[in-house]
Amino acid sequence: MSEEVPQIFDRLRLRQNRTRRATKLAKYDFLLRRAAMDLADRIALQSRQFDSALCLGASGGILREALATQGCDQIGQLIDSDLAHALVPRGGLVLDEEKLPIKAHSLDLIISLWGLHHVNDLPGALLQIRRALKPDGLFLAALPGGATLAELRAAFLNSEARLLGGAQPHIHPFADLQDLAGLMQRAGFALPVADSDMVAVRYREPLKLLDDLRGMGEANVLTARPRYFLRRDVLRNALAQFATATQEDGKAVVQFELCYLAGWAPRELHSERHKEGEPITRFDETALPKKAKPKN
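Under the working numbering, the sequence shown is numbered contiguously, ending at residue 299.
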């Protein structure tokens, strides 16, 4: 019997958050657009064509817009998808990254835009993505990494512990870049690459950061999230701690670590029989298409 995956994230609550924020996402999508432009740039650097592509986390078509802006013409058919129906462009699909109904070896390119950090079974999701790719198919992803909102998370924990005698999680942890690279390798991707870029955003009023996070659809979706309203004194104390710890030129500075993943579905060159009769599949990495190095 397979081990049950811990349900760290409430996927239904996530869908509800994204649905509620869909009509106003354009006011808060600056990080999504930054990540989408970086992904589009990496696709534009490829020397090959991708006849069929799928975008996970379309967010209303942000990646499609970025591809057009970058003049990227390597993609034949791009299928947009999102967990929330309200964020699926016309002709797109409602898809859950945890349960991809995609035929094996059917796509040349899969792009995940800002969605994998809320997946309960990330190793399983990456494995599903790799299996959906054709041999030599490419997977690209952008998601927040371990350094994201670290100071804000610490401020909330410290404030609640001091004023309430205990703390509940308000901001979930994000995977470290090294862990993400290991998961890519574990999922069977060839030539996996993981890199990151730090983005600093300055706020004159720290409360605006919380508004931005809600506007992005990034409100707390932890299964173990508090079921009570945060006391005002706790909130004020947490934001004061955060502002003091991150202040530069009179503004609070929050760090977002944007992590980028890339990997190729291996090309199966030949299979031979082991002496016990088990097949062994070998891969020749030198035979894979040449890939441009991602920008740092």
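Idealized CB from N, CA, C, for every residue including glycine. Note that the structure is predicted; figures quoted are calculated from it, not measured.
Worksheet entry | Classification of S50 by the beta-carbon crowding that lies within 10 angstroms, buried from 16 upward | exposed
Worksheet item: Residues bridged to Q258 by DSSP?
Response: A203
Item to complete: With P147 as the anchor, note down where its beta strand (DSSP E) starts and where it stops.
Response: 136-147
Discussion item. Could you compute how far the alpha carbon of V256 sits from the alpha carbon of D179?
Written reply: 21 angstroms
Worksheet item: With G94 and S84 assumed to form a contact (beta carbons below 8 angstroms), what rounded beta-carbon distance in angstroms separates them?
Response: Wrong, their Cβ atoms sit about 11 angstroms apart, outside the cutoff.
Fill in: Residues near P229 in its chain [Cβ-Cβ closer than 6 angstroms; skip 5 each side]
Q171
Discussion item. Quick check for students: name the residue ranges of the beta strand (DSSP E) that lie wholly in the segment 153-215, counting only runs of 3 or more.
Written reply: 193-206
Worksheet item: Q90 lies in the alpha helix (DSSP H); which residues open and close that run?
Response: Note that residue 90 is Leu in the sequence shown, not Gln. Run containing L90: none; DSSP gives neither H nor E here.
Practice prompt. Taking only the alpha-carbon atoms, compute the straight-line gap between V97 and L70 and give it to the nearest angstrom.
Written response: 21 angstroms
Practice prompt. Kindly indicate which residue of V204, D32, D198, I78 has the alpha-carbon position closest to the one of L90.
Written response: D32
Worksheet item: Between Q250 and the rest of its own chain, which residues show a CB-CB distance below 8 angstroms, the 5 nearest in sequence each way excluded?
Response: V256
Worksheet item: Which two residues bound the contiguous alpha helix (DSSP H) that contains A150?
Response: Premise fails: A150 is in no alpha helix (DSSP H) and is neither H nor E.
Fill in: Option in P176, A87, A39 with minimal Cα separation from H120
P176
Fill in: Where the alpha helix (DSSP H) through L15 begins and ends
14-24
Worksheet entry | Member of A87, F192, I82, A47 whose CA lies at the smallest distance from the CA of R24 | A87
Worksheet item: Around the C-beta of L242, are 16 or more other C-beta atoms found within 10 angstroms, so that it is buried, or is it exposed?
Response: buried
Fill in: Length of the line joining the Cα atoms of A61 and L116
7 angstroms
Worksheet item: Residues in its own chain within less than 6 angstroms of A43 by CB, not counting five upstream and five downstream?
Response: A69, L70, Q73, C75
Practice prompt. In the DSSP assignment, find the unbroken alpha helix (DSSP H) run with D111 in it and report its ends.
Written response: Where D111 is concerned, there is no enclosing alpha helix (DSSP H), although the beta strand (DSSP E) it sits in stretches over 110-116.
Worksheet item: Just the Cα atoms here: how many angstroms apart are A29 and G140?
Response: 31 angstroms
Fill in: 7 angstroms Cβ shell around N20 - same chain, five flanking residues per side excluded
G220, A222, V224
Worksheet item: What residue from G149, P126, Q80 has the CA that sits closest to S109's CA?
Response: Q80
Worksheet item: Quick one: what's got a C-beta closer than 6 angstroms to A265's C-beta in the same chain, skipping five residues either side?
Response: L143, V196
Worksheet item: Along the chain, where does the beta strand (DSSP E) that runs through F53 open and close?
Response: 53-59
Worksheet entry | Integer-rounded CB distance, given that E163 should sit under 8 angstroms from A248 | So it is not a contact: roughly 16 angstroms between Cβ atoms.
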